[in-house]
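So the structure is just underneath, and the comments pick up after that.
In full-length UniProt numbering, the protein residues as written are 1 to 1181.
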């Protein structure tokens, strides 16, 4: 078995965010790291939207990022710390829209090791040096400079190592143009390491250390070191030089301290939220510029002559808990959330004129340990202007087609705490509905047109009905107009603005040429014949008559429409026509595309030298319904200008995209895509100022250019019948379309998104969900640690004698989260949810500190008419070590056809039941190490069988027939069989190596695919001979008598595929993603990514992609210096899996490299690009 891995949606979590002028313009941009991917974002100051400019896979774990600018420069560079063991400096090239590697210096081994630098990164504010540090011991400093050609240079590394030292943070201190200084939080554990009594460990001190780079001596020295609070975790540099007093703010638990060499220390407490249920013993720390609860603070420093007098702090606003904050000069704040969606805020004010209490270091003693509080309020200083959707973290996902659409949906449990949600992911772009208006009948076509070629916006909207035409004017309102020169009592076939200031209306009986002064020229169709098809651009009109004739008209220099003297006779009925737009600087478009009833498409010349001659022909599989010639900016082509494509929509729902040679008119390199069950209609439009094609079938699709690549993506909208581009003052790039008897104006904004997301909020962190088959309702279990349940909160209010209805007691949990409880407290619920309406039908809150961890639906053989729900819970759970005071299996039955739940009974068990599954009319339960079979009893579940041969803890179960796959939390998969006659579970096979499992699925009876928490994907298979022997042994005695290997099972499974994904897999499932596609393995990851493993069908494909991958490794090494083969073999050698993400970067290579690789593979670049597109689009998107 060979598999091809592709990413369907990149990880949506952000672990690093930096700000700078990376394009060399005045506009600030944001670079974020999504685990292994670098993304450039450009906030638009006018609209407040965040646009994705570039996203690039680096095939390495991005551990740290930092921007810097050389003195006197106008452009920021990026220095990246990754797991490659190299420091890499990158530059963004706006012309090519790519990151370019400026420098790469090797300093250590690969991987995320504690003694290899890369975890911490700090740059000198003046761009003169960079420090890259490891978690332990090693710190390297590089000097940055320019050479005589003004190119960036980097020095050899200068060491600042210190043995037995752990680093917690590192920043560059702003000292103006004095010698660069870097501040680090360090702990020396040398004495504690040698003291067996543990006394030295208790007296360990954290130190704030200054490292100075002497530019004259080219040497790094420890300049200054001072003890700080042992719970300090973050350093924030203070502006220096001419902008401030320099120094750092040391963020500790509950306090912020100002420190600098030769300056007095100033300490101020961090204000905490007023909350009657607060745990007073719980500390508060600052992470990434905000508190761990998401509260923002404004810190002011009072200083005189570079001497700090006091620091002041006050509450500012509350945002989601952030992994990174970026403040833009244009007045925006970008919040890269730790979990959930990311936000762009605009500053409304700076918090100077509010009544918020401000605390100063001058008002209290440094030793004072008192806590200070603030009252949280709604956003007053910030205003949210844009939201970037994120699915991080995906806890569990299922691929289902509950909505019975063309493609299935992904239902995912995402988020953490009060920001959790059930997200429904549909493949498609999100569509914003600007307006919906009813029309007096069912129209069959619509066009928009300008009055003159120089108009910026459309003026008319022309709607054609069966027997008349409606003309609407576009302005502040859309209303009917009658004095336009259009004929209203006939249907319209085509409308086009022509020349400088005229309009053409084509109708079945003729052509109406309306001049600017309202003069009208008419061309009447010959008697007995009508116009059945027509197409036009700014200077040309082509019509097809019912007799099969094609007539060509062209605009002359005085604006008169003239008929070409000859006519082209087609031997088959014409079903569609299209002429491309007039190229810039040209008089006419050279080509006409004609689709005929005989399943052919012809390219006809419109050049005066050979006008109406057939240049090429393509046979298609069905009758052509629609055609569109369009020039798209295509990076696949070997040219800097656009590529001419002919798009062919067929009546069987297939879209063909064929390369049209702009010189000869020959057709080549045809790409095929099935769009839906209806005939495909094509319409030209514009997206981000570039040509695009709207394709309408049973669902609408959009073919457009994004990040220099052609994309064909469905729109998440109902089916449309006809469309046209729309441009007005309120909507500069829209689509006007008709559906039944309604007119709709739509816009498409989030072009980079693969999925359109519908979010249903939840109360606590979701753990598992199942589907009720008949009602299609979801049952979701949610549980939250360190949180009070509603009943516990009520008891606490009564105990403290407080009013539970105050404003502070009822803060919105979706903004401020649940109040943090003392450790060991749990809040949990079982929710019955309608995913179509988003309504909660039933909510069962678990009491007495009980939390739910697993569940399944099943039918007991003793009661086959009733579907039951089993839920595994535990009471007073501690996570490390995993213990509980009591554990239960709750059994519920569905009532009212799945609209409510009724408790049947509650069965006590001795450990936490983390895995439940229906098995042969009974319940299979993984209770700690024990695997048990329960049957239905009147007062509780009855234990029928058990085995305790599992090494650690059962976290998942799968079954087919009598075969049981047991997933251990640490010791990989175990194969077992149930012998009903002996009532015995026999474990007969296990894995040869341990795996910390997070997701598994059965591919077939003998094969299991899974992923572990370190990011590895694997497929294990039981040899068929062993499988046959076990099934043929009726009693299982043969297996029992076999001696186990190394205290394990008698037989071992073999690993047939292994691959490092780079992120913990949270779910994996066999599924079909597109209509008519075959089954593939679809997985989701903890950081919000979605990917697929596609099995190869032929050996030729395997060899082709293996060779392509090999050439890509050598010709296009990863951007940040990681060796690709070593990266995909992070924990174990990659086996039988080809990296599709690397292969797809072939389309981004320069033309000469493309040609070289193609020659080595004995192919053309177009053939390779087609092969890459087909393997993805045939089964996925």
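Glycine is no exception: its CB is placed at the ideal position from the N, C-alpha and C atoms.
As the structure is a prediction and not an experimental result, all values here were calculated from the model.
Checklist entry - Thinking C-beta only, is residue 463 closer than 8 Å to residue 487? => result no
Next on the checklist: Could you pull the DSSP bridge partners for residue 182 from this structure?
Outcome noted: 172, 211
Next on the checklist: Please report the straight-line C-alpha distance between residue 878 and residue 825, rounded to a whole angstrom.
Outcome noted: 9 Å
Next on the checklist: So, with DSSP's three-state summary, where would you put residue 384?
Outcome noted: strand
Item to check | Secondary structure, beta strand (DSSP E): runs of 3+ residues fully inside the region 1000-1065 | outcome: 1007-1012, 1016-1021, 1054-1060
Item to check | Alpha carbon of residue 836 to alpha carbon of residue 895, nearest angstrom | outcome: 19 Å
Checklist entry - Grouping DSSP H, G and I as helix and E and B as strand, with all else coil, what is residue 1112? => result helix
Item to check | Close Cβ partners of residue 438 (< 7 Å) along its chain, the five nearest in sequence each way excluded | outcome: 741, 742
Checklist entry - According to the neighbour-count rule (16 or more other Cβ atoms, all chains shown, within 10 Å of its Cβ), is residue 191 buried or exposed? => result exposed
Checklist entry - Going by alpha carbons, who is nearest to residue 96 out of 65, 54, 115? => result 54
Item to check | Reference residue 781, options 853, 788, 816, closest by Cα | outcome: 853
Checklist entry - According to the Cβ coordinates, are residue 1031 and residue 1039 closer than 8 Å? => result no
Next on the checklist: Applying the 10 Å Cβ sphere with the 16-neighbour rule, what's the burial state of residue 1052?
Outcome noted: buried
Item to check | Every unbroken beta strand (DSSP E) inside the region 915-1002 [3 residues or more] | outcome: 922-927, 930-935, 942-947, 954-960, 963-968, 973-979, 984-990
Item to check | Residues near residue 24 in its chain [Cβ-Cβ closer than 6 Å; skip 5 each side] | outcome: 74, 75
Item to check | C-alpha distance - residue 43 paired with residue 720, whole-angstrom precision | outcome: 32 Å
Checklist entry - Could one say the Cβ of residue 1123 lies closer than 8 Å to chain C's Cβ atoms, at least one of them? => result Here there is only one protein chain, and chain C is not present.
Next on the checklist: Going by DSSP in three states, residue 1177 sits in which element: helix, strand or coil?
Outcome noted: helix
Checklist entry - Curious, which full-length beta strand (DSSP E) runs of at least 3 residues does the region 724-759 contain? => result 734-739, 742-748
Checklist entry - Under a Cβ-count criterion, where at least 16 other Cβ atoms within 10 Å of its own Cβ denotes burial, should residue 655 be classed as buried or exposed? => result buried
Checklist entry - Alpha carbon to alpha carbon, what distance is there between residue 909 and residue 383? => result 51 Å
Checklist entry - Taking the alpha carbon of residue 666 as the point to measure from, which residue in 461, 969, 715, 616 has its own alpha carbon closest? => result 616
Item to check | DSSP state of residue 423 mapped onto helix, strand, coil | outcome: strand
Item to check | Helix, strand or coil at residue 540 according to DSSP, with G and I counted as helix | outcome: strand
Item to check | Coil, strand or helix - residue 103 by DSSP | outcome: strand
Next on the checklist: So for residue 836, helix, strand or coil by DSSP?
Outcome noted: coil
Checklist entry - What do you reckon, are the CB atoms on residue 166 and residue 155 nearer than 8 Å? => result no
Item to check | Residue range of the alpha helix (DSSP H) that includes residue 1203 | outcome: Since the first residue of the chain shown is 1 and the last is 1181, residue 1203 is not available in this structure.
Item to check | Among 1169, 1004, 773, nearest to residue 898 - alpha-carbon criterion | outcome: 773
Checklist entry - From what residue to what residue does the beta strand (DSSP E) around residue 228 run? => result 219-228
Item to check | Bridge-paired residues (DSSP) for residue 31 | outcome: 18, 40
Item to check | residue 37 beta carbon less than 8 Å from that of residue 50 | outcome: no
Checklist entry - Does the Cβ-Cβ distance between residue 228 and residue 249 come in under 8 Å? => result no
Next on the checklist: Output needed for residue 510: all residues of its chain with C-beta closer than 8 Å, excluding positions within five of it in sequence on either side, in chain order.
Outcome noted: 522, 523, 524, 525, 531
Checklist entry - Between residue 268 and residue 123, what straight-line distance do the alpha-carbon atoms span, to the nearest angstrom? => result 27 Å
Next on the checklist: What ranges does the alpha helix (DSSP H) occupy inside the region 1074-1156, keeping only unbroken runs of at least 4 residues that lie completely in it?
Outcome noted: 1099-1115, 1124-1128, 1140-1144
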